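Structure record follows, encoded as C-alpha cells.
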Amino acid sequence: MNYHLKQIPERTTKPRTTGFTMVMDKGLSIREVEDMLEISGDYIDIVKLGWATSFVTKNLKEKLAVYKAAGIPVYLGGTLFEAFIVRDQFSDYQKVLDEFGLEYAEVSDGSIVLDHDRKCEYISTLAKQVTVLSEVGSKDAEKIIPPYKWIEQMQTELDAGAWKVIGEARESGNVGLFRDSGEVRQGLVEEILTKIPEEKILWEAPQKEQQVWFIKLIGSNVNLGNIAPNEVIPLETIRLGLRGDTFDYFLDKV
Amino acid sequence: MNYHLKQIPERTTKPRTTGFTMVMDKGLSIREVEDMLEISGDYIDIVKLGWATSFVTKNLKEKLAVYKAAGIPVYLGGTLFEAFIVRDQFSDYQKVLDEFGLEYAEVSDGSIVLDHDRKCEYISTLAKQVTVLSEVGSKDAEKIIPPYKWIEQMQTELDAGAWKVIGEARESGNVGLFRDSGEVRQGLVEEILTKIPEEKILWEAPQKEQQVWFIKLIGSNVNLGNIAPNEVIPLETIRLGLRGDTFDYFLDKV
Amino acid sequence: MNYHLKQIPERTTKPRTTGFTMVMDKGLSIREVEDMLEISGDYIDIVKLGWATSFVTKNLKEKLAVYKAAGIPVYLGGTLFEAFIVRDQFSDYQKVLDEFGLEYAEVSDGSIVLDHDRKCEYISTLAKQVTVLSEVGSKDAEKIIPPYKWIEQMQTELDAGAWKVIGEARESGNVGLFRDSGEVRQGLVEEILTKIPEEKILWEAPQKEQQVWFIKLIGSNVNLGNIAPNEVIPLETIRLGLRGDTFDYFLDKV
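Quick note, the sequences are listed as chains Y, W and X, same order. 794 is the number of the first residue of the first sequence in our numbering; add one for each residue after it. 794 is the number of the first residue of the second sequence in our numbering; add one for each residue after it. 794 is the number of the first residue of the third sequence in our numbering; add one for each residue after it.
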C-alpha cells in the first residue's frame, strides 16, 4: 500500500482462494489490458472474456499472451461454451481451449436447456483438461430457480469436478442472484451459504451496491465477479472499508 | 473469426451498405482511437464526432488522420451543423469541411427550428461537396413527430440527395425513436419501414435493449448508430446471435 | 478552438478562479492520464483521486508526476482524510501530503461525525501546509442538512482558511446537493448563493442533467466537480452552448 493506515481489514494475497476478483473483459485492446494490469493487476485474480466476445476480438492470441505474462488466468464466457454445445460442437470447443492455451473454462446453461446430468458430464470431462468454473442461474429473468435447486445444482457440479461455482448475474446484474431492479435475492444467497462453503462460490456482482452487500454479508475476502475493468480499484477500497459504503462497517469490526 | 462455429448469421463486410455500425466518438484521445480500431476496426463503418465536440477537441487533425489511415470515414455531429446555421455561418461550415478534409456531413434540425424546404436545400447543396447523412427527429422529448411526418421528411431528404437518413436518439437513447424510458416507439419504426427502404436508414440505438430490438426486427445486418466505443464488440456478438439476448433468436433462423 | 463560431459564451482560461472543472480520477493508469490530458488538459483545473483510491493505486508517484508536469494540481479525496482522522492519525496524514508532494488537500466529514469547530481547526492547521478545499454535506442520503446550516458551515470553513468549499454529491450524484433520484435540491442551492460568493463554491455534479442545471443557473463559468474523465469534453461543449441541452439557452444570452 502507498502509506500506512491502522485497522485495515486483512486481505488475502495471490494466489487467492478467497477474496478474489474476477474481471469481465468484454473487448479491451492490448494497451487497455496493459493499463488495467499496471494499475490494478495485484487485485485481479482471473479474467473472463465476456460471453462470446472472444469470437470477434482481433489479436486474441496477443491479448492472451499479455494476461499470461502477468500470471492472470483467463477463461471464455459460458455463453460461448453453450454456443458450441447447442451446435453439437463440444469437441471443437475442447480444441479451441487447446489452441489458445487456456487453462480454465466455464460450463453454464444460462441461455440453453441442458439436462443437469449432461451438464455434470461436461464438467467432469472438461475437468480432465482444464480447471472448471460452472455457473448456476438463468439469463432469463423469467426463470426463477428456487433456492433448494440452486444448492442441489451447485453441490452436484462441485462433486462433478468444478473448482468453483458461479452465481449468475450477467454484465448488468439483473438476473440470477438479482431481481430485475438489481436488488440481491437475499434469502437465496443466505440459504445457499448454509450448504455450500463460501470459498467455493464466485458471486457475480457488477453493481456497486451488490458488491457492498456481499462484502457486508461475507467480509472483505468474498469472491466477486463480473467486475468492470475501471471498477477494480474502487472495489478494492470497498473491501478495505475505505469508501463511504463500508467505512463505518469495518471500523466496528477490525 | 478466431474459431469456427456453425450456423452463424451471415454478416456483410466492408464496404457495407447494410449491417453497418456508426460509432459515436465524444472525445477519444488518439491512442484511444488506435485502441478501438485495433480491436474492432473491422466492425466500424463510420464514426461521428458527437455534436460539437470537434470544436474543443485537441489534436483534431491528427485524430482525423488516424481514422483516415484506417479507411474509416468521419463526420461531425448534426448539432455542429445547426450551430453554424443558427449563426448564419453556413459557408463557414462548408470551409470547415474542406479544411479538415471531411467527406461526409450531417444535416439535422434536432435543436433548431428549420423550415423543411430549407433543410432540403442544405442537403442538396452539401451533397455536391460531400456525402450527406440527414437526421429526422427532435432532441426535445416534448416534440413528438407523427409517423407520417417522419416518413415524409425522410423521403424528401433522400430525394434531396441524402445518402442515408438517421433516426434520432441522442447519446442517451431517450428521444426521437425512443420514449423517455428508452423504450422503442415500435409503431413508428414499423410504419417507417413500410415506406422507406431499410438500407437507407441509420437507426441511432445507443442502449443494448434498443440494439437487440432492431436486430430482432430487421436482422443482423441492420444499420445501427451512436454505438459507444466499448460497445462495438458486444454489438457484433448480438448481431451474430452470440450473446444471451439474441442467442435463441438466431438459432431458429440460421 | 478548431474553427470559428460567433456568439460563443466567453470562458475563463487557466489559471481559473471561476469556470473551473474538477475531474475525479478513480484509478486511471498513467497512459490513461496522459490520454485525458492530451485531449482535454486545457479544460481540467484540478484532479481529485477519488476517496481513498490512492491507497491501493500502483505507481502513484509516477502518476502524480504526470499531472505535475502538466501543471494540474491533485488532491486526495476527503474520505481518505476522514480515514486518517477516525484512526487518530492526523499527523500521519500530514506526512503523506508531504511525502507525495501534494499542494492541495480536502477536509470533509461525509462519512464520520466530526465536531464542526474541530473540522475548522483541521482546516486552519492544514491551510498552513497546503491549499484546502473543504466539503459540506453527508454521504448518507438520510442525513438532510437544512440550508441555513450549509451556509453557516460553508462560511465558517472559508473563514477558517478554506480556499473553496465543495458541495457534496459522491461519484453517483445522489446525496448532498441532490435527491436520491439525482434531482438538484434547487431551493438549497439558491439559498446558498444568496450568502456565499459563487466563485468560492465547487459544485460536485457528476450527472449531465446536474451540470446543465448549474450552468443554466450560474453560467458557463460555474465551478463543477466530480466530472468523469470522458465527460470533460462533453462538459466543455455544454458550457459553450454547443450541446442540445444548452443550445438555445446561450443563443438568447450571448
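Ideal Cβ positions, reconstructed from N, Cα and C, are used throughout, including at glycine. Note that the structure is predicted; figures quoted are calculated from it, not measured.
Legend entry - Minimum C-alpha distance to Ile-1020(Y) - residue among Lys-1001(Y), Asp-1038(Y) and Gln-946(Y): Locating residue 1020(Y) in the first sequence gives position 227, counting from the first residue. Looking at the Cα atoms, Lys-1001(Y) is the closest of the given residues.
Inset, instruction - Would you tell me roughly how many angstroms separate the C-alpha atoms of Arg-1101(W) and Ala-962(Y), rounded to the nearest one? - result: In the structure displayed, chain W extends from 794 to 1047; residue 1101(W) sits before or after that span and is not available.
Legend entry - Proximal residues of chain W, C-beta to C-beta of Ser-847(Y) below 9 Å: The sequence position of residue 847(Y) within the first sequence is 54, counting from 1. Residues of chain W passing the Cβ test: Asn-795 and Tyr-796.
Legend entry - Contacting residues, own chain, Cβ-Cβ under 8 Å from Ile-823(W) (five flanking each side not counted): As a position in the second sequence, residue 823(W) is number 30, starting the count at 1. Hits under 8 Å: Asn-852, Glu-855, Lys-856 and Val-859.
Legend entry - Range covered by the beta strand (DSSP E) that runs through Tyr-897(W): Working through the second sequence from its first residue, we reach residue 897(W) at position 104. Tyr-897(W) -> beta strand (DSSP E) spans 897-900.
Inset, instruction - Would you check if the distance between the CB atom of Thr-806(Y) and the CB atom of Leu-1028(Y) is smaller than 8 Å? - result: For the purposes of this step, residue 806(Y) is taken as the residue at position 13 of the first sequence. For the purposes of this step, residue 1028(Y) is taken as the residue at position 235 of the first sequence. No, these two residues do not count as a Cβ contact at 8 Å.
Legend entry - Neighbour list for Gln-882(W) in chain X, Cβ cutoff strictly below 9 Å: For the purposes of this step, residue 882(W) is taken as residue 89 along the second sequence, with counting starting at 1. Simply His-797, Leu-798 and Lys-799.
Inset, instruction - Excluding the 5 residues preceding and the 5 following Glu-896(Y) in the sequence, name in chain order all residues of the same chain whose CB lies nearer than 7 Å to its CB. - result: Here residue 896(Y) refers to the residue found at position 103 when the first sequence is read from its first residue. Pro-866, Val-923 and Thr-924.
Legend entry - Per-residue burial, Arg-911(W) [other beta carbons within 10 Å of its own, 16 or more giving buried]: In the second sequence, counting from the first residue as 1, residue 911(W) sits at position 118. Arg-911(W) is exposed by the Cβ-count criterion.
Inset, instruction - Check whether the Cβ of Leu-853(W) lies closer than 8 Å to any Cβ atom in chain X. - result: The residue labelled residue 853(W) in the question sits at position 60 within the second sequence. Yes, its Cβ sits closer than 8 Å to a Cβ of chain X.
Legend entry - Leu-1048(X) - containing alpha helix (DSSP H), residue span: With chain X covering 794 to 1047 only, the question about residue 1048(X) has no answer from this structure.
Inset, instruction - Just list the beta strand (DSSP E) runs in the stretch 818-868 of chain X, keeping only unbroken ones of 3 residues or longer that don't cross its boundaries, in chain order. - result: 839-842
Inset, instruction - For Ile-832(W), return the contacting residues in chain Y, with the cut-off set at a CB-CB distance below 9 Å. - result: As a first step, residue 832(W) must be located in the second sequence, where it is residue number 39. Per Cβ cutoff of 9 Å: Gly-820, Leu-821, Ser-822, Ile-823, Glu-825, Thr-850, Lys-851, Asn-852 and Lys-856.
Inset, instruction - Could you give the DSSP three-state label for Gly-1018(X): helix, strand or coil? - result: Translated into the one-based positions of the third sequence, residue 1018(X) becomes position 225. Of the three classes helix, strand and coil, the one that applies to Gly-1018(X) here is strand, per DSSP.
Inset, instruction - Could you check if Arg-972(W) is buried or exposed, using at least 16 other CB atoms within 10 Å of its CB as the buried criterion? - result: Here residue 972(W) corresponds to residue number 179 of the second sequence, with the count starting at 1. Flag for Arg-972(W) reads exposed.
Legend entry - Buried or exposed by the 16-neighbour rule on C-beta atoms within 10 Å, applied to Gln-800(X): Within the third sequence, the letter at position 7 stands for residue 800(X). It is exposed - the Cβ of Gln-800(X) has fewer than 16 other Cβ atoms within 10 Å.
Legend entry - Whole-angstrom distance between Val-1015(X) and Thr-811(X), CA atom to CA atom: As a first step, residue 811(X) is located in the third sequence; it is residue number 18 there, counting from the start. As a first step, residue 1015(X) is located in the third sequence; it is residue number 222 there, counting from the start. Their Cα atoms are separated by approximately 6 Å.
Legend entry - Residues of its chain near Ile-985(X), where Cβ-Cβ distance is below 8 Å and the 5 sequence neighbours each way are ignored: What you label residue 985(X) is simply residue 192 of the third sequence in a count that begins at 1. Cβ neighbours of Ile-985(X) beyond the five flanking positions: Pro-940, Trp-943, Ile-944, Met-947, Gly-960 and Ile-994.
Inset, instruction - Could you tell me whether the Cβ of Ile-1011(W) comes closer than 8 Å to any Cβ of chain Y? - result: To locate residue 1011(W), count along the second sequence from 1; it is residue 218. It does not: the Cβ of Ile-1011(W) has no partner Cβ on chain Y nearer than 8 Å.
Legend entry - Buried or exposed by the 16-neighbour rule on C-beta atoms within 10 Å, applied to Gly-871(X): Taking the first residue of the third sequence as position 1, residue 871(X) is located at position 78. Result: buried.
Inset, instruction - Would you mind reading off the limits of the alpha helix (DSSP H) that contains Leu-873(Y)? - result: Looking up residue 873(Y) in the first sequence gives position 80. That run of the alpha helix (DSSP H) goes 871-879.
Inset, instruction - Report yes or no: do the stretch 1024-1043 of chain W and the stretch 896-910 of chain Y share at least 3 C-beta pairs separated by less than 8 Å? - result: yes
Legend entry - Cβ of Ala-876(Y) within 8 Å of any chain W Cβ: What you label residue 876(Y) is simply residue 83 of the first sequence in a count that begins at 1. Yes, its Cβ sits closer than 8 Å to a Cβ of chain W.
Inset, instruction - Could you tell me which of Glu-827(Y), Gly-954(Y) and Val-1005(Y) sits nearest to Glu-976(Y), measuring between CA atoms? - result: Position 183 of the first sequence holds residue 976(Y). Considering only alpha carbons, the answer is Val-1005(Y).
Inset, instruction - Given a cut-off of 8 Å, decide if Ile-916(X) and Ser-927(X) are closer than it, judged by their beta-carbon atoms. - result: Here residue 927(X) refers to the residue found at position 134 when the third sequence is read from its first residue. Here residue 916(X) refers to the residue found at position 123 when the third sequence is read from its first residue. Yes, the Cβ-Cβ distance between Ser-927(X) and Ile-916(X) is below 8 Å.
Inset, instruction - Please go through the same chain and pick out, in chain order, the residues whose beta-carbon is closer than 6 Å to the beta-carbon of Leu-869(Y), but skip the five residues on each side of it. - result: Walking along the first sequence from the start, residue 869(Y) turns up at place 76. Hits under 6 Å: Leu-842 and Ser-847.
Legend entry - Simplified DSSP assignment, three categories, for Phe-813(X): Taking the first residue of the third sequence as position 1, residue 813(X) is located at position 20. DSSP places Phe-813(X) in coil when its eight states are reduced to three.
Inset, instruction - On the DSSP bridge assignment, give the partners of Thr-924(X) in chain order. - result: On the third sequence, position 131 is the one that residue 924(X) refers to. Its beta-bridge partners are Tyr-897(X).
Legend entry - C-alpha distance - Glu-875(X) paired with Asp-1041(Y), whole-angstrom precision: Locating residue 875(X) in the third sequence gives position 82, where the first residue counts as 1. Locating residue 1041(Y) in the first sequence gives position 248, where the first residue counts as 1. About 11 Å.
Inset, instruction - Using a cut-off of 8 Å between C-beta atoms, extract the partners of Arg-1036(X) located in chain W. - result: Taking the first residue of the third sequence as 1, we reach residue 1036(X) at position 243. The contacting residues are Trp-844, Ala-845 and Thr-872.
Inset, instruction - Verify whether the separation of the beta carbon atoms of Gly-1018(X) and Leu-970(X) is less than 8 Å. - result: Here residue 1018(X) is taken as the residue at index 225 of the third sequence, counted from 1. Here residue 970(X) is taken as the residue at index 177 of the third sequence, counted from 1. In this structure, Leu-970(X) does not lie closer than 8 Å to Gly-1018(X) by Cβ.
Inset, instruction - On a CA-only basis, which of Glu-935(X), Pro-990(X), Leu-890(X) and Leu-830(X) is nearest Ala-920(X)? Give me that one, please. - result: Numbered from 1 along the third sequence, position 127 holds the residue referred to as residue 920(X). Residue Leu-890(X) is the option with its Cα nearest to Ala-920(X).
Legend entry - Short CB-CB distance (under 8 Å) between Glu-976(Y) and chain X: Your numbering for residue 976(Y) matches position 183 in the first sequence. Cβ-Cβ to chain X under 8 Å: no for Glu-976(Y).
Inset, instruction - Measure from the alpha carbon of Lys-816(Y) to the alpha carbon of each residue in Leu-1033(Y), Arg-978(Y) and Glu-964(Y), then state which is nearest. - result: In the first sequence, residue 816(Y) corresponds to position 23, counting from 1. A quick correction: the sequence has Val, not Lys, at residue 816(Y). It is Glu-964(Y) whose Cα lies nearest to the Cα of Val-816(Y).
Inset, instruction - Inspect the beta-carbon positions of Phe-893(Y) and Tyr-886(Y) and report whether they are closer than 8 Å. - result: Position 100 of the first sequence, counted from the start, is the residue given in the question as residue 893(Y). Position 93 of the first sequence, counted from the start, is the residue given in the question as residue 886(Y). No, these two residues do not count as a Cβ contact at 8 Å.
Inset, instruction - Say whether chain W places a C-beta atom closer than 8 Å to the C-beta of Thr-1030(X). - result: Along the third sequence, read from residue 1 onward, the residue named residue 1030(X) stands at position 237. With 8 Å as the cut-off, Thr-1030(X) counts as an interface residue toward chain W.
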